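In my numbering, the protein residues as written are -16 to 318.
Working notes, beginning with the structure itself.
As structure tokens, then:
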């Protein structure tokens, strides 16, 4: 038994059954139009993809039920639901509201979507920790689902990384020292890059004398400008790991003391993060799960709990966002 603390008492993840490989015809255009940015998006062999008839909420339900079962709670126990469904069926309300409906959560359960790509999970864990310490709630359900295979144009290089997945967690007060708890966090924000990576639709010029509307629009998709690519190579590559090393130094930790789970946009980034941080164990699934965008960290934490043995009781979750920001969250157990 350990101290009574807010702890992650349940974890779950879910992936679509359909798998897309590198030789999928959807990538044919890119293979014929190779650009310099190709070397920035590497490391993927397979990725799980929602079928056209499948909704994102379906895998969010599965992940959430696994986390709730693991924690030993039922729908009626959930006080607050935090996280996101990105990108959902609608621009708003968030897909998290559909999850509330599908899980049959109480009418008193507050649905709180976060909007901090791609650090939703880190933020939700921190918020849940604070709410539990304040005595405002007893059980917090966190779920982050990503369907970014539907949020890219397959005429852009970043589309090769896109994959779908969902991860969930339950946080509650517990004395179980085997469960992870939030120790601290550190964030670096460089907002000069705002507007260099974004999701929006584009106008398409169109003239038809029979229609009043003479402009059509594409579906929204994730775009990276030339400045955004430079940010990817500078802030993403070099600044992001410093969020983790500063946090580690604050708590007297070296790379050999920690396990690392991070955003997995590309091996290009992750190789340098591994070099700078030097974790004893770097848990990732980029080769088989690719870039699940907001769901990378929650899926990998739940997946590793089932399939890996954590070598240490200190775990850093390292997220990066397109605004750009980097967030490192320190989880610990054993006390």
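Built from N, CA and C at the ideal position, the CB exists for glycine as well.
Being a predicted model, the structure only gives us computed values, none of them experimental.
Query, Result
"Beta strand (DSSP E) segment containing residue 245, residue limits", "242 to 245"
"Reduced DSSP category for residue 123 - H, G, I as helix; E, B as strand; rest coil", "strand"
"Per-residue DSSP class, three states only, for residue 134", "coil"
"Where the alpha helix (DSSP H) through residue 205 begins and ends", "No alpha helix (DSSP H) contains residue 205, which is instead part of the beta strand (DSSP E) from 204 to 207."
"Assigned secondary structure, residue 65 (DSSP; H/G/I helix, E/B strand, else coil)", "strand"
"Backbone secondary structure at residue 219 - three-state DSSP", "helix"
"Presumed contact (8 Å Cβ cut-off) between residue 284 and residue 299, rounded CB distance", "That belief does not hold up - the Cβ atoms of residue 284 and residue 299 are roughly 11 Å apart, past 8 Å."
"Neighbour-count burial assignment, residue 4, 16 or more Cβ in a 10 Å radius", "exposed"
"Segment contact, 8 Å Cβ cut-off, at least three pairs: the segment 274 to 292 with the segment 238 to 250", "yes"
"Among 211, 222 and 286, the one whose alpha carbon lies nearest that of residue 259", "222"
"Residue environment, residue 169, which counts as buried when at least 16 other CB atoms sit within 10 Å", "buried"
"Residue 277 and residue 24 closer than 7 Å at C-beta", "no"
"Residue 187 in three-state terms, based on DSSP", "strand"
"Beta-carbon gap between residue 88 and residue 58 smaller than 7 Å", "yes"
"N- and C-terminal bounds of the alpha helix (DSSP H) containing residue 288", "279 to 290"
"Distance CB(residue 63)-CB(residue 123) smaller than 7 Å", "yes"
"First through last residue of the beta strand (DSSP E) which encompasses residue 154", "147 to 157"
"Three-state secondary structure assigned by DSSP to residue 59", "helix"
"Bridge-paired residues (DSSP) for residue 306", "DSSP lists no partner for residue 306."
"One or two residues paired with residue 181 in a DSSP bridge", "206"
"Residue 109 beta carbon less than 7 Å from that of residue 227", "no"
"Buried or exposed (CB count within 10 angstroms, at least 16 for buried), residue 201", "exposed"
"Alpha-carbon spacing of residue 238 relative to residue 156, whole angstroms", "29 Å"
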